[in-house]
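Asks: Mapped onto the numbering used here, the consecutive letters of the sequence shown carry residue numbers 55 to 390.
For every residue, glycine included, the Cβ atom is placed at its ideal position computed from N, Cα and C.
Just so you know, these numbers come straight off a predicted model, no measurement behind them.
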Amino acid sequence: MHRIGRIYRRKEVRLYMHIQLRSQSTTQLSITCVCLHKARGARRQACSQAAGKNKLSDMSGIILTDEQIAHFDDEGFLILRASEHGLIDTEVLKTWTNEVRNLPREHGKWMPYDEITESGERQLMRTENFVDYHSGFSSLLNGQPIKSILKQLTRDDMLLFKDKINYKLAGGNGFGAHLDAPAYDHIEEIEHTTANLAVDPATLENGCVEVVPKSHRMKVELAEGGRIDPAWEARQQWVPVELESGDLLIFGSHLAHRSKRNATSNPRASIYATYHNVSDGTDLKERYYKDRRENFPPDHERIPGKDYGAGVKRYAFAAPFTKIEEPSKVQVQHVA
């Protein structure tokens, strides 16, 4: 098995991971935030988001090479290092991720989902639909710099369709081999493009993403929902994509991918921002989360006795969601 990242060098799958940037100087503004004694926690979060906005890149003119675009078209994915795309300071990315992770469980807003680890421990696995409640992430994921990169790959302007953070806490489960498209096709049968920003380093040991190059052009055999048939999975060469903090992995919704469990004692969080072409519509995100909340809500919003079978089939074919009958009483594990 070969690795993509620090040592991956396969000849037949050439990776172009360096952006040729025009020399330019950027001025980073600094904001001094004064947090008063009252409402200290909320104001500190507001300060971090305001300060973080000024560490977002204004390099909306990033130009991908012809080779990078061809690689995305041919292989189905592209890796850009943090130093190459310069979208955000990695420490700010970690701070914002912890802020979302620590959000209280409220109805009708962001959507936290739990998992049960191999040891039987219940822990937070994911938060979805958080961008509308976090100004920093909203500026980043709805901003022109990241959309400019995606437009060069898709040849169209992009709109955010779905946003989630997979925390992959210590002992966190893996994700089965799957395609993303079947979980989105009930809204529109179109191609989606996902930008995966590594919050923490992603390695083989902590369950980095693995892909099958060129699989977006293959007839992938599915077993149920978007889960890939085990026989097809076993026949493929899966390539691990190792990332450092801030690195960006871009891939389409028909690329086969999976990840193993986090076998380390540290978290391995990743941001997944999924986009669609503007030409496909303007209300797809709203429709998606309306359906998801109704048919597969987060643990604490589930109604006892309600049948969520259709939602499980549609949304839970690969991720290690909990299977519970009653609303969860789990408490979010706060981090400093």
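Just tell me which of N220, T151, T208 has its CA closest to the CA of Y187.
Replies: Position 133 of the sequence shown, counting from 1, holds the residue named residue 187. Of the candidates N220, T151, T208, the one whose C-alpha sits nearest the C-alpha of Y187 is T151.
Asks: Do the region 257-275 and the region 308-322 make contact, defined as three or more Cβ pairs closer than 8 Å?
Replies: Yes, the region 257-275 is in contact with the region 308-322.
Asks: Within the continuous beta strand (DSSP E) that includes F229, where are the two ends?
Replies: On the sequence shown, position 175 is the one that residue 229 refers to. From DSSP, the beta strand (DSSP E) with F229 extends over 229-232.
Asks: Can you tell which of N250, I123, A277, N331 has its C-alpha closest to the C-alpha of A136?
Replies: One-based indexing of the sequence shown puts residue 136 at position 82. The residue with the shortest Cα to Cα distance from A136 is N250.
Asks: Classify P247: buried if its beta carbon has 16 or more other beta carbons within 10 angstroms, exposed otherwise.
Replies: Taking the sequence shown and counting its residues from 1, the one referred to as residue 247 is at position 193. It should be noted that the sequence gives Thr, not Pro, for residue 247. So T247 counts as buried.
Asks: Going by DSSP, which residues form a beta bridge with M212?
Replies: Walking along the sequence shown from the start, residue 212 turns up at place 158. In DSSP, M212 forms a bridge with N331.
Asks: DSSP state of K377, grouped into three classes?
Replies: Sequence index remark: in the sequence shown, residue 377 carries index 323 (1-based). Reduced to three states, the DSSP call for K377 is coil.
Asks: Please classify I85 as buried or exposed, where buried requires at least 16 other C-beta atoms within 10 Å of its C-beta.
Replies: What you label residue 85 is simply residue 31 of the sequence shown in a count that begins at 1. Residue placement at I85 cannot be trusted, given a pLDDT of 29 that sits under 50; what the coordinates show is reported in the next sentence. The residue in question, I85, is exposed, as its Cβ has fewer than 16 Cβ neighbours within 10 Å.
Asks: Would you mind working out which of Y369, D234, E298, E242 sits nearest I133, comparing C-alpha positions?
Replies: Residue 133 sits at position 79 when you count from the first residue of the sequence shown. Looking at the Cα atoms, E298 is the closest of the given residues.
Asks: Less than 7 Å between C-beta atoms, sequence neighbours within five positions excluded: which residues of the same chain meet that for F371?
Replies: The residue labelled residue 371 in the question sits at position 317 within the sequence shown. Closer than 7 Å at the Cβ level, and outside the excluded window around F371, lie H232, E278, G279, G280, R281.
Asks: Cα separation between R76 and P158?
Replies: Here residue 76 refers to the residue found at position 22 of the sequence shown. Here residue 158 refers to the residue found at position 104 of the sequence shown. Residue confidence for R76 is low, a pLDDT of 34 falling below 50, so the modelled location carries little weight and cannot support an answer.
Asks: Output needed for K163: all residues of its chain with C-beta closer than 7 Å, excluding positions within five of it in sequence on either side, in chain order.
Replies: Here residue 163 corresponds to residue number 109 of the sequence shown, with the count starting at 1. Within the same chain, K163 has close Cβ partners Y187.
Asks: By DSSP's criteria, A256 is part of a beta bridge. Which residues make up the other side?
Replies: Taking the first residue of the sequence shown as position 1, residue 256 is located at position 202. For A256, which the question treats as bridged, DSSP gives the partners L297.
Asks: Measuring CB to CB, does T318 end up less than 8 Å from E259?
Replies: Numbered from its first residue, the sequence shown carries residue 318 at position 264. Numbered from its first residue, the sequence shown carries residue 259 at position 205. Cβ atoms of T318 and E259: closer than 8 Å.
Asks: Quick check for students: name the residue ranges of the alpha helix (DSSP H) that lie wholly in the region 303-363, counting only runs of 4 or more.
Replies: If we require 4 residues or more, the alpha helix (DSSP H) runs fully inside the region 303-363 come out as 338-349.
Asks: State the Cα-Cα distance for the pair H330 and L178, rounded to the nearest angstrom.
Replies: Start at 1 with the first residue of the sequence shown, and residue 330 comes out as number 276. Start at 1 with the first residue of the sequence shown, and residue 178 comes out as number 124. Those two C-alpha atoms are separated by around 27 Å.
Asks: Buried or exposed: which applies to E182, given that a residue is buried once 16 or more other Cβ atoms fall within 10 Å of its Cβ?
Replies: The residue labelled residue 182 in the question sits at position 128 within the sequence shown. Classification for E182: buried.
Asks: Give the secondary structure of A277 by DSSP, where H, G and I count as helix, E and B as strand, and everything else as coil.
Replies: If you number the sequence shown from 1, residue 277 lands on position 223. Three-state result, A277: strand.
Asks: D353: buried (16+ other C-beta within 10 angstroms of its C-beta) or exposed?
Replies: Numbered from 1 along the sequence shown, position 299 holds the residue referred to as residue 353. Flag for D353 reads buried.
Asks: Roughly how many whole angstroms lie between the Cα atoms of Y238 and I170?
Replies: Along the sequence shown, read from residue 1 onward, the residue named residue 238 stands at position 184. Along the sequence shown, read from residue 1 onward, the residue named residue 170 stands at position 116. Approximately 25 Å between the Cα atoms of the pair.
Asks: Counting C-beta neighbours from all protein chains within 10 Å, is the total for D128 16 or more, i.e. buried, or is it exposed?
Replies: Within the sequence shown, residue 128 is the residue found at index 74, counting from 1. It is exposed - the Cβ of D128 has fewer than 16 other Cβ atoms within 10 Å.
Asks: For E182, which three-state DSSP category applies?
Replies: For the purposes of this step, residue 182 is identified with residue 128 of the sequence shown, where counting begins at 1. Three-state result, E182: strand.
Asks: So for L194, helix, strand or coil by DSSP?
Replies: The residue given as residue 194 occupies position 140 in the sequence shown. Helix.
Asks: Which residue comes first and which comes last in the alpha helix (DSSP H) that contains V263?
Replies: One-based indexing of the sequence shown puts residue 263 at position 209. Note, V263: premise wrong, no alpha helix (DSSP H); beta strand (DSSP E) at 263-265.
Asks: Under a three-way DSSP split, which group does A370 fall into?
Replies: Within the sequence shown, the letter at position 316 stands for residue 370. Coil at A370, not helix or strand.
Asks: When the Cα atoms are used, what is the spatial distance from K218 to R368?
Replies: Translated into positions along the sequence shown, residue 218 becomes position 164. Translated into positions along the sequence shown, residue 368 becomes position 314. If you take the alpha carbons of K218 and R368, they lie about 17 Å apart.
Asks: If you measure between the beta carbons of M165 and V332, is that distance less than 8 Å?
Replies: Here the question's residue 165 lines up with position 111 in the sequence shown. Here the question's residue 332 lines up with position 278 in the sequence shown. Cβ distance not < 8 Å, so M165 and V332 don't count as in contact.
Asks: Exposed or buried, which one is P284 when buried takes at least 16 other CB atoms within 10 Å?
Replies: As a working mapping, residue 284 is identified with position 230 in the sequence shown. Label assigned to P284: exposed.
Asks: Among residues of its own chain, excluding the 5 on either side of D301, which ones have a beta-carbon nearer than 6 Å to its beta-carbon?
Replies: Locating residue 301 in the sequence shown gives position 247, where the first residue counts as 1. So the qualifying residues of the chain are R135, A136, A252.
Asks: Would you call the CB atoms of L309 and G130 closer than 8 Å?
Replies: One-based indexing of the sequence shown puts residue 309 at position 255. One-based indexing of the sequence shown puts residue 130 at position 76. Yes; because the gap between Cβ atoms is below 8 Å, this pair is in contact.
Asks: Whose C-alpha, out of F229, Q122, L207, is nearest the C-alpha of F375?
Replies: As a working mapping, residue 375 is identified with position 321 in the sequence shown. Nearest of F229, Q122, L207 to F375, Cα basis: F229.
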